[in-house]
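In this text, residue positions in the sequence shown follow the numbering used here: the first is 273, and each later residue adds one. See below for the structure under consideration.
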Amino acid sequence: MKNILFICFVISISLNAQITTKSADMFEELESGNLTLRFTNAVNGKPIYGGTVAVETIGEYTTDEEGKIVFPSPAEYGVLRVNFRSEGYIPTEFPIEIMAGTLFFNRISVSPMMDMKFVRIVVDWDKEPRDLDAHFVKAGSGGYHISYRNMRVLADGSGMLDIDAMKGYGPETITVNEVSTRSSYEYFIHDFTNQRNKHSAGLSDSKATVKVYGDGKLLKVIQVQRKKEGTVWKVFKIEQGQVCEVNQLVSD
């Protein structure tokens, strides 16, 4: 069983509130025909107020106190690019998918500015599975394994799991102060909720999206493969300082 810290209890209250806001978003979208995007701080899960959001072909918007923007649904469905800017945050561009008049996924966590040497990895997902766990592993001498079991390590600088989300949605965020070009690293997601079912497609259906920040910018956005079985998502490796996408689902 997981160790539950007080800070995780506080976060769980916030995540329960997200369930209510998602229902409200869906109701509003059905009533108005508009679409909703919500932006949160990847380190503490709080809404980002006053951010500028440019939605491709549609317009530019400012996030409200809930970190939310509302914009009209386009005439044609598909994938649009969204660009987020806000003081104190790393500029972030990502795709959104509109299906049957609704957003495939509408919660986006954005990294605050950080030291150029830092690497920050953020995963967001949908309501289910409720508990996805992020793992960041350094191989070889001085190696370590950051996860909910070991939320802070000091083997080569410092690294930590900023948030352990156990009620769905995320974000679950890992920050590492320095990545050596002489070492190898692996990042993967474990479906803790469905760990006993090797044929589960819950992780594949989670709409999970990983954002990798480094060098003071967004380096990569990786979305989980759909309609695949597996309880472990091998997302990427870092070799010689380069992020190499893997994006493979396997059973643990």
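Just so you know, even glycine gets a beta-carbon here, dropped at the ideal spot from N, CA and C. Here the structure is a predicted model, which means the values were calculated and not measured.
- In the DSSP assignment, no residue is bridged to Y441.
- Nearest neighbour of P363 by Cα position, chosen from V425, Q520 and G488, turns out to be G488.
- Apart from sequence neighbours up to five positions away, the residues of its chain that approach Q495 with a beta-carbon distance below 6 angstroms are T481, ordered along the chain.
- Classified as buried, T308 has 16 or more neighbouring CB atoms from the shown chains inside 10 Å of its CB.
- According to DSSP, residue pairing for W505 in a beta bridge involves I461 and L521.
- Linking D398 to F343 through their CA atoms gives a straight-line distance of about 21 angstroms.
- Boundaries of the beta strand (DSSP E) around T481: T481 to G486.
- Per the Cβ contact rule, the segment 467-482 is not in contact with the segment 409-418 (fewer than 3 Cβ pairs under 8 angstroms).
- Boundaries of the beta strand (DSSP E) harbouring D396: V391 to D396, taken from the DSSP string.
- Comparing alpha carbon positions, the residue from S345, P443 and G322 closest to M371 is S345.
- Spatial neighbours of A326 in its own chain (CB-CB distance under 6 angstroms, excluding positions within 5 residues in sequence) are listed in chain order as E332 and N355.
- Ranked by how close their Cα comes to the Cα of V351, the residues T334, T374 and T335 have T374 in first place.
- In the displayed model, D436 falls within coil according to three-state DSSP, outside both helix and strand.
- Taking the Cα positions, T329 is about 11 angstroms away from A347.
- Here the segment 497-507 makes no contact with the segment 435-452; the two share fewer than three CB pairs at distances below 8 angstroms.
- With respect to F464, D396 sits apart: the two C-beta atoms are not nearer than 8 angstroms.
- Within the model, the alpha-carbon separation for A473 versus Q467 is close to 11 angstroms.
- For I330, no beta strand (DSSP E) run applies, since DSSP gives it neither H nor E.
- If you draw a 10 Å sphere on the C-beta of T334, you find fewer than 16 other C-beta atoms in it, and that means exposed.
- Excluding its 5 nearest sequence neighbours in each direction, G513 has C-beta neighbours in its own chain below 6 angstroms: T453, listed in chain order.
- With 16 or more other Cβ atoms inside 10 Å of its own Cβ, R392 counts as buried.
- Around M385, the same chain offers G360, Y361, I362 and G488 as residues with beta carbons nearer than 8 angstroms, after the five sequence neighbours per side are excluded.
- DSSP places P367 inside the beta strand (DSSP E), whose first and last residues are T364 to M371.
- Between K410 and S455, the CB-CB gap stays under 8 angstroms.
- In its chain, beyond the 5 residues on either side, V391, Y457, I510 and G513 have a beta carbon closer than 7 angstroms to the beta carbon of V451.
- In this structure, S358 places its C-beta atom within 8 angstroms of the C-beta atom of G322.
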